[in-house]
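Per the numbering used here, the sequence shown starts with residue 2, numbered consecutively.
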Amino acid sequence: MKKLLILPGNSQRNKAWGEACAQYFLDWFDVVYVQNYNHWSTGEQRIDFEAEIEKIEITVDDNQNEAGDWYVFAKSVGSLLALEAFADGAIDPKKAVLFGMPLDMAAKDIYAEDWSALQEFTVPSMAFHNIDDPTTSHDFTVAKLQQYGSYFTIVSTEGDTHDYLDFNDYESYIKDFLAL
Numbered sequence: 002m003k004k005l006l007i008l009p010g011n012s013q014r015n016k017a018w019g020e021a022c023a024q025y026f027l028d029w030f031d032v033v034y035v036q037n038y039n040h041w042s043t044g045e046q047r048i049d050f051e052a053e054i055e056k057i058e059i060t061v062d063d064n065q066n067e068a069g070d071w072y073v074f075a076k077s078v079g080s081l082l083a084l085e086a087f088a089d090g091a092i093d094p095k096k097a098v099l100f101g102m103p104l105d106m107a108a109k110d111i112y113a114e115d116w117s118a119l120q121e122f123t124v125p126s127m128a129f130h131n132i133d134d135p136t137t138s139h140d141f142t143v144a145k146l147q148q149y150g151s152y153f154t155i156v157s158t159e160g161d162t163h164d165y166l167d168f169n170d171y172e173s174y175i176k177d178f179l180a181l
């Protein structure tokens, strides 16, 4: 059984990204979960990593009776949540596909001088990043992934948004990467 956990970006508008991702890749997996973040309903501006990691752990535990592998697809802050959830032992996916990783923001707010969560992320991963992403630096992200992310395949994509909705363009890369 193949189980997919989708971790959208921070803002509530990313709920639509998660649903679109789930819809597009639904046929590739036996079970698909889209995580809805607590702060979307409370009005808080930023994700609470600790609370969301607990939810991931519950989702994984609730499905432990179903044999199979977990996969993670995540966008923006969701990709940081994937790194943190793995570091905390909440999930150990077989593979991960990450879009628009905001490593430049994480450098200030989360990782400062400690990149161990990225360095110790031993999950084979594919990272898509638009060259002209206006939200997060392509060059910084690629440099950090090359420096610390030895399990990452980087796919630089043409684009000047942080939307990452061009699933049709990503499909062949992802299919080959997941070996489906």
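For each residue, glycine too, the CB sits at the ideal point set by N, CA and C.
Please read all numbers here as calculations on a predicted model, not as lab measurements.
Taking the Cβ atom as the reference point for each residue, do residue i and residue j lie within a distance shorter than 8 angstroms?
i, j, result
"VAL78", "ILE59", "no"
"TRP1", "LEU179", "Past the boundaries of the shown model lies residue 1; the chain is included only from 2 to 181, so the question cannot be answered."
"LEU119", "LYS145", "yes"
"PHE26", "PHE100", "no"
"ILE92", "ILE132", "no"
"ASP161", "PRO135", "yes"
"LYS3", "ASP70", "yes"
"TYR152", "PHE122", "yes"
"GLN36", "GLU55", "no"
"SER138", "ASP115", "no"
Going by DSSP in three states, residue i sits in which element: helix, strand or coil?
i, result
"SER151", "coil"
"ILE48", "coil"
"LEU8", "strand"
Less than 8 angstroms between the CB atoms is what I'm expecting for residue i and residue j, so what's the real figure, rounded?
i, j, result
"LEU8", "ALA83", "6 angstroms"
"LEU81", "TYR34", "So it is not a contact: roughly 18 angstroms between Cβ atoms."
So within the region 95-146, which uninterrupted alpha helix (DSSP H) runs reach at least 4 residues, ignoring any that extend past its ends? 104-110, 117-120
Open item on the list: At 3 residues or longer, what runs of the beta strand (DSSP E) sit wholly inside the region 14-93?
Closed with: 32-35, 70-76
Contact between the region 137-144 and the region 169-178 is defined here as three or more beta-carbon pairs at a separation below 8 angstroms; is this criterion met?
no
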